[in-house]
Structure formats: structure tokens, C-alpha cells
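Count the sequence shown with full-length UniProt numbering and you get residues 1 to 221, in order. Written out below as C-alpha cells is the structure these notes cover.
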Amino acid sequence: ASDPDMAAAAASEHAAATATRAGGLPDTVPGAHVAATSDGPSSDLVTPMLTDMYQVTMVYAYWKSGHHNDSSVFDMFFRKNPFGGEYTVFAGSEEVVRFVQTFRFKPADIAYLRTVLPTAEPAFFDFLGSLDASEVRMHSLPEGTIAFPRIPCIRVEGPLAVCQLLETTLLNLTNFASLMATNACRFRQAAGDHMTLVEFGLRRAQGPDGAISASRYSYIG
Numbered sequence: 001a002s003d004p005d006m007a008a009a010a011a012s013e014h015a016a017a018t019a020t021r022a023g024g025l026p027d028t029v030p031g032a033h034v035a036a037t038s039d040g041p042s043s044d045l046v047t048p049m050l051t052d053m054y055q056v057t058m059v060y061a062y063w064k065s066g067h068h069n070d071s072s073v074f075d076m077f078f079r080k081n082p083f084g085g086e087y088t089v090f091a092g093s094e095e096v097v098r099f100v101q102t103f104r105f106k107p108a109d110i111a112y113l114r115t116v117l118p119t120a121e122p123a124f125f126d127f128l129g130s131l132d133a134s135e136v137r138m139h140s141l142p143e144g145t146i147a148f149p150r151i152p153c154i155r156v157e158g159p160l161a162v163c164q165l166l167e168t169t170l171l172n173l174t175n176f177a178s179l180m181a182t183n184a185c186r187f188r189q190a191a192g193d194h195m196t197l198v199e200f201g202l203r204r205a206q207g208p209d210g211a212i213s214a215s216r217y218s219y220i221g
């Protein structure tokens with residue numbers, strides 16, 4: 001698998017017309033084959049704060065310029081399969097749905113963001129505190145689908161500010177999931193149908209929380 005990008009397409013009136021309103025996401029996310037649920041992500045680390053700081057500063061720029069509610073469309077895709085790979089097994093959509101349906105900054109999150117953006121206008125933090133993903137609509141390949149380069153795996157439609165804030169977290173939830181699903185598929189292809197395969201990756205994983213451990217120890221180094 002390759003690290004996907006989430007590319008902003010031109011703002012679309014279709015996005016505004018099809019966005020789900022205050023009732024939240026539909027019972028199923030189109031194409032995802034994942035039932036809507038009120039449950040949050042499997043990990044407590046998966047919150048709106050699991051993001052890159054520049055996403056927040058970009059949203060501040062949108063807010064300052066009055067474009068934060070513009071209709072937008074983001075496509076998540078990967079450019080190529082490295083090492084001669086011909087396909088990717090897409091995975092992670094269930095966690096994406098759980099995250100999007102419970103997307104909301106907590107008061108403690110807003111208090112922290114005030115400390116790292118001390119020059120931002122106070123009303124901006126009120127805006128962040130009011131955000132949810134009730135107007136976001138997602139289209140996704142079903143979990144376990146074979147995907148190919150430059151074909152959207154997930155399409156996100158909705159207000160520009162919210163879609164921007166989803167970017168990093170959605171990539172985090174699908175990059176590693178798709179990598180592992182693809183790797184397992186290749187092992188099965190190599191081993192054949194009659195060989196038993198055992199998953200034994202815990203001891204070599206990037207810490208119990210992956211990305212956060214990598215960031216911490218990169219800073220130490």
C-alpha cells in the first residue's frame with residue numbers, strides 16, 4: 001500500500017444538495033457497507049485532536065476569509081503501489097465512520113487550542129466548539145475491496161472547515177489498516193489456500209499507539 005492523499009476537488013453544489021443535515025449520517029454510509037452507530041472509535045486516541053496543527057490553522061484562514069462553510073469535496077486516494085505491487089486491499093472504513101459520527105471538540109480541547117493559538121480571535125474557538133459532522137456525507141469503497149492507484153477510496157462532501165479537519169485522521173485510520181490488509185493478502189497468495197497463517201506482529205509494532213509513539217520518539221531523537 002502507499003500513503004494516500006486527500007485532495008480537495010472543486011466546491012460542488014451537489015455536495016450541498018446531498019449533504020445530510022441535522023439528522024446526522026444516514027443509516028448506512030453509501031458504498032461503505034458499514035452500519036451507522038453512536039459508538040465512538042475503538043481507541044480513545046482517535047478524536048478531532050488527532051490531527052496536524054496546520055489543519056487547524058487552515059481552518060482559521062477559512063474562517064477569517066468567510067469560506068469555512070463553503071461546500072467542498074475531498075477525495076482520498078493513493079498515487080502508486082510501491083515495490084511492484086499492483087493493488088491495495090482497502091480497509092479502515094468502519095473506524096472512519098465511528099470517528100465522523102462522533103466528531104466534536106471537547107471543552108478541554110478548545111482550552112488547549114487557545115494556548116497554542118494565542119493571537120487567534122476568541123470567536124474562532126467558539127466556532128470550533130460548535131462544529132460537528134452532521135452535514136458531512138461520505139462515499140467509501142467497502143471494507144476489504146481491491147483498490148487501484150488514483151481511484152478514490154473515500155469521498156467526503158460537506159462544509160470546507162469540517163472536511164479539512166477530518167483529513168489527517170481519516171488518513172491515519174485507513175493508511176495502516178490498508179497496509180496490513182494488503183500485506184496479509186499477499187501472504188495468503190504466497191502461502192496458498194491450505195497453509196495456516198498466524199498473525200504475530202505485536203512485538204514489532206510501532207508501540208501500542210503507532211503514530212503517537214513515532215512522533216514522541218522522533219522528537220527525542
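Note that the Cβ used here is the ideal one computed from N, Cα and C, for glycine as well.
Item: Given H68 as reference, the closest of F127, L141, V96 once Cα atoms are compared; Value: F127
Item: 4-residue-minimum alpha helix (DSSP H) runs that sit fully inside the segment 64-117, ordered along the chain; Value: 93-101, 107-116
Item: Per-residue DSSP class, three states only, for P159; Value: strand
Item: DSSP bridge partner residues for residue 235 (one or two, in chain order); Value: No answer is possible for residue 235: it lies beyond the span of the chain, which begins at 1 and ends at 221.
Item: Candidates T196, L166, G207: closest to M76 by CA position; Value: L166
Item: C-alpha distance - P142 paired with F90, whole-angstrom precision; Value: 8 Å
Item: F74 versus T145: straight-line alpha-carbon distance, rounded; Value: 20 Å
Item: Neighbour-count burial assignment, P122, 16 or more Cβ in a 10 Å radius; Value: exposed
Item: Contact under 8 Å by Cβ, F103 with A133; Value: yes
Item: Span of the alpha helix (DSSP H) around D126; Value: 122-130
Item: Per DSSP, cross-strand counterpart(s) of residue 224; Value: In the structure as shown, the chain begins at 1 and stops at 221. Residue 224 is therefore absent and cannot be evaluated.
Item: Three CB pairs or more closer than 8 Å across the segment 91-101 and the segment 156-176; Value: yes
Item: Three-pair Cβ contact test at 8 Å for the segment 157-164 versus the segment 174-193; Value: no
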